[in-house]
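What follows is one structure encoded as structure tokens, with my remarks underneath.
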């Protein structure tokens, strides 16, 4: 770690991983509710568990992105962070607001929560992923403003690089797009239309810039490839991401009541959305192959390559499977969507956050890389989580195909619940894979606590000597 | 630049495929729609784009061989290419006046989206041409480093390549 203020990232990373564990816990609860319908009823109904699962995902990824930015920007700009104190204050504000919101979801009925938090002043609640009470939403905006101010001031007084510019554009875009969560028109079509400006333009737009910037940073640091080469790749990736992603929003407009030409635009542009993800995979592998040095942090390099592959599979391949309008006509809102959602979020965003944590945390803790033993454990976590997530995806895809077959693509459609009974076996298998994922997460957490300072120093010295 | 062109061509290729596939489903609507288009305007626009592209090619040859006249040829390509825009807009005006728009039917959705996207590319191409003309005037390519100009020329050729496929596909083939 080159600058003292980079260490504020530690708080953010720890919170991110803690919330990640919460997300997985609620995922398991829901996985069980799929097969044992009244599990934990009435304490935690399915809709509440789902809301907690998805909201925790978003919040922990945001913590991860913020931590990544606080670590990366000072190093890229070659200056201390403008105000580490502000970063710490905002951290606690965000964490407490987030925790209170989750507690609110769990303790009070949603309608009562809406009433308590003044939703009738400006109704914004009740929409998937944007369920947060008004005050939480305002809190998020304030935290985002403070965060962008802090980073912006740092960038302004330091060295300007392509990586920080791309990251800043991504983060500003993230904040700007979130503002559409305050716009909630009465007309359901228009509501959905702009709702996607938050949801889609986040994950298939500006978040890809954040992903690209973090990936580029880790690759520069671990492979020693020339900055110019890395930047050229980054430019091409983000150009493709925006060209395909912005109009790709159309693949959500097929059946919500928007004009029919969206079926053309959505199909064509989103069919190209796998390209930037494919380029990211190529990017990671090419840079690692052309590496000019062997960085002792093998685990971070593994996460960087892993995020490329899994993002391409999850976002690219599984997204393409059901993005064309004639296909989506049958698959819309089935388990196919769920399978894509799981692998895409894990591959693209969960893994990039773990990638930067894997690279940054040892440095924050005062070593170049963790000991060999610790890294081996971390990689066990990597494989357990990644394979479990692939299995979850495959089982959900199986469930989805059967669901489409029996309920949609047939002359004699069966009722929804009858079909759900018939595909129950897939839900059991998915649940078992989910337990595997939780185990992988446990192993990953464990890797932070093994290996002493001396072991790390010895292993790193050995690696350096071998590299020479 | 080549990668960018490849991406652009892929988008248009997907559009062409979709258009052709839909025509197979409903040939009557597509033939009826085609009757309403103005093939002469389309032909004129084809010639406009090809001529403009020719000027750019001539300018590139001169730049490469350090012969005079590169700037003149390059500058000529801009007004010639720009002629495309009023002709296209006149066509749109005719069709909209006759009550056809993006939402009328599959043929017109395809027609307006495809030609509309192409029109945006023409506009972008002209902006690029203008920018390179300024660079030529500043003498930026005198050292023999002309890859910037060549890339822009490639882009402009791509724009008329797309039109050369689009024109027969939408206006001519039954």
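Protein chains in written order, with my numbering: chain Z, 1 to 468; chain F, 1001 to 1174. All C-beta atoms in this analysis are idealised placements derived from N, C-alpha and C, irrespective of residue type, glycine included.
Straight-line Cα distance separating residue 56/Z from residue 296/Z: Here residue 296/Z corresponds to residue number 296 of the first chain, with the count starting at 1. Here residue 56/Z corresponds to residue number 56 of the first chain, with the count starting at 1. Spanning the two alpha carbons is a distance of roughly 33 Å.
From 423/Z, 317/Z and 457/Z, residue whose alpha carbon lies closest to that of residue 365/Z: The count along the first chain starts at 1 and reaches residue 365/Z at position 365. When each option's Cα is compared against that of residue 365/Z, the closest is 457/Z.
Counted within 10 angstroms of its Cβ, other Cβ atoms place residue 459/Z as buried (16 or more) or exposed: Taking the first chain and counting its residues from 1, the one referred to as residue 459/Z is at position 459. By the 10 Å Cβ count, residue 459/Z comes out buried.
4-residue-minimum alpha helix (DSSP H) runs that sit fully inside the stretch 93 to 164 of chain Z, ordered along the chain: Correct list: 110 to 116 and 134 to 157.
8 Å CB neighbourhood of residue 502/Z in its chain, flanking five on each side removed: Any question about residue 502/Z goes unanswered here, given that chain Z covers just 1 to 468.
Opening and closing residue of the alpha helix (DSSP H) in which residue 46/Z lies: Counting from 1 along the first chain, the entry for residue 46/Z is found at position 46. First-last of the alpha helix (DSSP H) with residue 46/Z: 46 to 77.
Residues, ordered as in the chain, of the stretch 247 to 265 of chain Z that lie near chain F by beta-carbon distance below 8 Å: 259, 260, 261, 264 and 265
Contact residues within the stretch 1004 to 1017 of chain F, judged by C-beta distance below 8 Å to chain Z: Using a CB distance below 8 Å, the part of the stretch 1004 to 1017 of chain F facing chain Z consists of 1004, 1007, 1010, 1011, 1014 and 1015, ordered along the chain.
Whole alpha helix (DSSP H) elements within the stretch 1013 to 1088 of chain F, 4-residue minimum: Here the runs fully enclosed are 1027 to 1035, 1039 to 1064 and 1070 to 1082.
Run of the alpha helix (DSSP H) containing residue 191/Z, from where it starts to where it stops: By 1-based counting over the first chain, the position of residue 191/Z is 191. Residues 188 to 201.
Distance, residue 268/Z Cα to residue 1006/F Cα: Residue 1006/F sits at position 6 when you count from the first residue of the second chain. Residue 268/Z sits at position 268 when you count from the first residue of the first chain. Straight-line Cα distance between these residues: approximately 15 Å.
Short CB-CB distance (under 7 Å) between residue 1022/F and chain Z: If you number the second chain from 1, residue 1022/F lands on position 22. Chain Z contact via Cβ: absent.
Status (buried if at least 16 other CB within 10 Å, exposed otherwise) for residue 1066/F: As a working note, residue 1066/F is residue 66 in the second chain. So residue 1066/F ends up on the exposed side.
Host alpha helix (DSSP H) of residue 1107/F (start-end): Locating residue 1107/F in the second chain gives position 107, where the first residue counts as 1. 1106 to 1137 is the span of the alpha helix (DSSP H), which, as asked, contains residue 1107/F.
Environment of residue 1174/F [buried if 16+ CB atoms lie within 10 Å]: As a first step, residue 1174/F is located in the second chain; it is residue number 174 there, counting from the start. Classification for residue 1174/F: exposed.
Proximity test, Cβ basis, 7 Å: residue 268/Z and chain F: Walking along the first chain from the start, residue 268/Z turns up at place 268. At least one chain F Cβ lies under 7 Å of residue 268/Z.
Sub-7 Å separation of residue 338/Z and residue 254/Z beta-carbons: By one-based count along the first chain, residue 338/Z stands at place 338. By one-based count along the first chain, residue 254/Z stands at place 254. For residue 338/Z and residue 254/Z, no; Cβs fall outside 7 Å.
Proximity test, Cβ basis, 7 Å: residue 1029/F and chain Z: Residue mapping note: residue 1029/F aligns to position 29 of the second chain, counting from 1. It does not: the Cβ of residue 1029/F has no partner Cβ on chain Z nearer than 7 Å.
Minimum Cβ-Cβ distance from residue 1101/F to chain Z less than 7 Å: The residue you call residue 1101/F lines up with position 101 of the second chain. So no, residue 1101/F is outside the interface.
Simplified DSSP state of residue 83/Z, which is helix, strand or coil: Position 83 of the first chain, counting from 1, holds the residue named residue 83/Z. Correct three-state label for residue 83/Z: coil.
Sequence-distant residues of its chain with Cβ nearer than 6 Å to residue 251/Z (five each side left out): The residue given as residue 251/Z occupies position 251 in the first chain. Contacts found: 266, 270 and 323.
Same chain, Cβ closer than 8 Å to residue 39/Z, neighbours up to 5 away in sequence not counted: Translated into the one-based positions of the first chain, residue 39/Z becomes position 39. 29, 32 and 33, listed in sequence order.
Exposure label - residue 410/Z; buried when at least 16 CB within 10 Å: The residue given as residue 410/Z occupies position 410 in the first chain. Residue 410/Z should be labelled exposed.
Cα-Cα separation, residue 137/Z to residue 1030/F: For this step, residue 137/Z is matched to residue 137 along the first chain. For this step, residue 1030/F is matched to residue 30 along the second chain. Looking at the two C-alpha atoms, the distance is approximately 49 Å.
Check whether residue 1036/F and residue 264/Z have beta carbons under 7 Å apart: Here residue 1036/F refers to the residue found at position 36 when the second chain is read from its first residue. Here residue 264/Z refers to the residue found at position 264 when the first chain is read from its first residue. No, the pair does not count as a contact, with Cβ atoms beyond the cut-off.
Close beta carbons around residue 1126/F, own chain, < 7 Å, minus the five adjacent residues each side: On the second chain, position 126 is the one that residue 1126/F refers to. So the list reads 1078, 1081 and 1082, once near-sequence residues are dropped.
Beta-carbon neighbours of residue 1113/F, restricted to chain Z and to distances below 8 Å: Residue numbering aside, residue 1113/F sits at position 113 when the second chain is read from its first letter. Here the neighbours are 261, 264 and 265.
Close beta carbons around residue 369/Z, own chain, < 8 Å, minus the five adjacent residues each side: Against the first chain, residue 369/Z aligns to sequence position 369. Here the set comprises 295, 296, 297, 298, 299, 300, 362, 375, 456, 459, 460 and 463.
Among 274/Z, 276/Z, 272/Z and 247/Z, nearest to residue 262/Z - alpha-carbon criterion: Along the first chain, read from residue 1 onward, the residue named residue 262/Z stands at position 262. Residue 247/Z is the option with its Cα nearest to residue 262/Z.
Amino acids of chain F, ordered along the chain, whose beta-carbon sits closer than 7 Å to that of residue 243/Z: Position 243 of the first chain, counted from the start, is the residue given in the question as residue 243/Z. Listed by position along chain F, the residues whose Cβ is nearer than 7 Å to that of residue 243/Z are 1007.
Chain-order list of residues whose beta-carbon lies under 7 Å from that of residue 465/Z (same chain, five-residue window excluded): For this step, residue 465/Z is matched to residue 465 along the first chain. The answer is none, since no qualifying residue turns up.
Inter-stretch contact (C-beta, 8 Å, three-pair minimum) for the stretch 390 to 407 of chain Z and the stretch 95 to 105 of chain Z: With a cut-off of 8 Å on Cβ pairs, the stretch 390 to 407 of chain Z is not in contact with the stretch 95 to 105 of chain Z, counting fewer than three such pairs.
Within 9 Å of chain F by C-beta, residues of the stretch 203 to 220 of chain Z in sequence order: none
Among 259/Z, 209/Z and 442/Z, nearest to residue 239/Z - alpha-carbon criterion: Within the first chain, numbered from 1, the residue matching residue 239/Z stands at position 239. The shortest C-alpha separation from residue 239/Z is found at 209/Z.
Sufficient close CB pairs (3 or more, under 8 Å) joining the stretch 123 to 137 of chain Z to the stretch 42 to 56 of chain Z: yes
Opening and closing residue of the alpha helix (DSSP H) in which residue 181/Z lies: Taking the first residue of the first chain as 1, we reach residue 181/Z at position 181. No alpha helix (DSSP H) holds residue 181/Z; DSSP gives it neither H nor E.
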